[in-house]
Amino acid sequence: MQKLVAKAVRGLFARIGRTAESVFRHAGQMTLLLWGVARATFTGRVALGDVVTQLMSVGVGSIPLVAVTAVLSGVVTSQQGGYQFTSSIPLYVLGSVVTSSVVLELAPVMTAFVLIGRVGARITAELGTMQVSEQIDALYSLGRDPVPVLAAPRIIAGTIATPLLVGLACFIGVFAGLVAARFAVGLGAESFLYGARMYWHSWDLLYSITKGLVFGFVIPLISVHMGFGTRGGAEGVGRATTSAVVLMIITVLVLDATFPPLFLN
14 MQKLVAKAVR GLFARIGRTA ESVFRHAGQM TLLLWGVARA TFTGRVALGD VVTQLMSVGV
74 GSIPLVAVTA VLSGVVTSQQ GGYQFTSSIP LYVLGSVVTS SVVLELAPVM TAFVLIGRVG
134 ARITAELGTM QVSEQIDALY SLGRDPVPVL AAPRIIAGTI ATPLLVGLAC FIGVFAGLVA
194 ARFAVGLGAE SFLYGARMYW HSWDLLYSIT KGLVFGFVIP LISVHMGFGT RGGAEGVGRA
254 TTSAVVLMII TVLVLDATFP PLFLN
């Protein structure tokens, strides 16, 4: 019995050690990647055309899906809020509920999830395929650093495009909530906007845009790092893409949970 307990304890500590080693290894590699991106950016080694190309892919290409997600977020929030209201609560408060929910939480988080699925997974798969097919090694053999060519444009584009997409999602989500409130509970636009203005804080939109800035930086950083670290052929690309998506989702949720105590108190 004691031997089984000792073996279980050793196995537990071994798993903890392997997990800690993996975490610190990934953290160190992402720090080095971030340093390389910053150095390439501030020394002017990143081509503007590459950044514009990635902006079109990350930003413009994501607008339809972000708009659909924002519309559904506003509509669902408005309908559920109206359903839960009682006669003791003024109906115009629904305007504040929808506006605050969309701007503070739903718009940045849902936009981040859209980018994880549409952009983050694609970046990891692209760079992972280049890694296992030795295209990145070919860049090294030609004396070219892949960080300014492949990593920096994607991270810069994500950091620029995501706050803009979040701002667009805020506007679309609130407008969709306003229209849904009219049909769901008969709340007019004037009353909806009255409630929204009553409990509105000027910091709220900046708070949402700041979330988008952080998410837009973290998502491509993780996806580029996981793509560069891909090993094992096509199967390795699949594993790296799945791991990257899981890591990006967890990171976004953890960062989202840290925002209120840091910025809303």
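Counting from 14, one number per residue, gives the positions in the sequence shown under this note's numbering.
The beta-carbon is built from N, C-alpha and C at its ideal position, and this holds for glycine as well.
In this text, all values refer to a predicted model and were calculated from it rather than measured experimentally.
| Helix or strand or just coil, what does DSSP make of threonine 66? | Here residue 66 refers to the residue found at position 53 of the sequence shown. Threonine 66 falls in the helix class under three-state DSSP.
| Within 10 angstroms of its Cβ, does isoleucine 129 collect 16 or more other Cβ (buried), or is it exposed? | Here the question's residue 129 lines up with position 116 in the sequence shown. So isoleucine 129 ends up on the buried side.
| request: Could you tell me which of Ile76, Pro161, Gly30 and Val231 sits nearest to threonine 56, measuring between CA atoms? | output: Counting from one through the sequence shown, the residue named residue 56 turns up at place 43. Checking every option, the nearest Cα to that of threonine 56 belongs to Pro161.
| said: Looking at the secondary structure, which residues open and close the alpha helix (DSSP H) in which arginine 135 lies? | reply: Stepping through the sequence shown from its first residue, residue 135 is reached at position 122. Element bounds for arginine 135: 134 to 145.
| query | Roughly how many angstroms separate the alpha carbons of arginine 244 and arginine 38, rounded to a whole number? | reply | One-based indexing of the sequence shown puts residue 244 at position 231. One-based indexing of the sequence shown puts residue 38 at position 25. Distance between the alpha carbons of arginine 244 and arginine 38: 16 Å.
| message | Can you tell me whether histidine 214 is buried or exposed? The criterion is at least 16 other CB atoms within 10 Å of its CB, across all chains shown. | response | Residue numbering aside, residue 214 sits at position 201 when the sequence shown is read from its first letter. With fewer than 16 other Cβ atoms within 10 Å, it is exposed.
| So alanine 7 and alanine 253 are in contact, right, with Cβ under 8 Å, and what is the actual spacing, rounded? | Any question about residue 7 goes unanswered here, given that the chain covers just 14 to 278.
| field | Of the residues Glu118, Ala138 and Leu152, the one placed nearest threonine 271, counting alpha carbons only | value | In the sequence shown, counting from the first residue as 1, residue 271 sits at position 258. Among Glu118, Ala138 and Leu152, the Cα nearest to that of threonine 271 is on Glu118.
| Would valine 179 pass as a contact of proline 121 if the rule is Cβ separation under 8 Å? | Numbered from its first residue, the sequence shown carries residue 179 at position 166. Numbered from its first residue, the sequence shown carries residue 121 at position 108. Taking 8 Å as the Cβ cut-off, valine 179 and proline 121 qualify as a contacting pair.
| task | Taking all protein chains shown into account, decide if threonine 175 is buried (16 or more other Cβ within 10 angstroms of its Cβ) or exposed. | result | As a first step, residue 175 is located in the sequence shown; it is residue number 162 there, counting from the start. Buried is the call here.
| message | Looking at glycine 208: is its Cβ nearer than 8 Å to the Cβ of valine 106? | response | What you label residue 208 is simply residue 195 of the sequence shown in a count that begins at 1. What you label residue 106 is simply residue 93 of the sequence shown in a count that begins at 1. In contact: glycine 208 and valine 106 (Cβ atoms closer than 8 Å).
| Secondary structure of leucine 155, DSSP reduced to three states | Taking the sequence shown and counting its residues from 1, one reaches residue 155 at position 142. Coil, per DSSP.
| task | Taking 8 Å as the cut-off, decide whether the C-beta atoms of leucine 234 and isoleucine 185 are in contact. | result | Taking the first residue of the sequence shown as 1, we reach residue 234 at position 221. Taking the first residue of the sequence shown as 1, we reach residue 185 at position 172. No.
| field | Rounded C-alpha distance that separates leucine 25 from histidine 238 | value | In the sequence shown, the residue the question calls residue 25 occupies position 12. In the sequence shown, the residue the question calls residue 238 occupies position 225. One C-alpha to the other measures close to 28 Å.
| said: Using only the alpha-carbon positions, how far apart do threonine 54 and glycine 41 sit? | reply: Numbered from 1 along the sequence shown, position 41 holds the residue referred to as residue 54. Numbered from 1 along the sequence shown, position 28 holds the residue referred to as residue 41. Cα-Cα distance, rounded: 20 Å.
| request: Let me know the secondary structure DSSP gives arginine 38 once reduced to three states. | output: Locating residue 38 in the sequence shown gives position 25, counting from the first residue. Correct three-state label for arginine 38: helix.
| Below 8 Å between beta carbons: does that hold for serine 204 and glycine 108? | One-based indexing of the sequence shown puts residue 204 at position 191. One-based indexing of the sequence shown puts residue 108 at position 95. Cβ distance < 8 Å, so serine 204 and glycine 108 count as in contact.
| said: Quick check on the burial criterion: 16 or more other C-beta atoms within 10 angstroms. Buried or exposed for serine 75? | reply: Residue numbering aside, residue 75 sits at position 62 when the sequence shown is read from its first letter. Flag for serine 75 reads buried.
| task | Output yes or no for whether 8 Å exceeds the beta carbon distance between alanine 182 and glutamine 92. | result | Here the question's residue 182 lines up with position 169 in the sequence shown. Here the question's residue 92 lines up with position 79 in the sequence shown. It is not a contact, given that the beta carbons lie outside the stated cut-off.
| Beta-carbon separation of valine 132 and valine 71 under 8 Å? | Here the question's residue 132 lines up with position 119 in the sequence shown. Here the question's residue 71 lines up with position 58 in the sequence shown. In contact: valine 132 and valine 71 (Cβ atoms closer than 8 Å).
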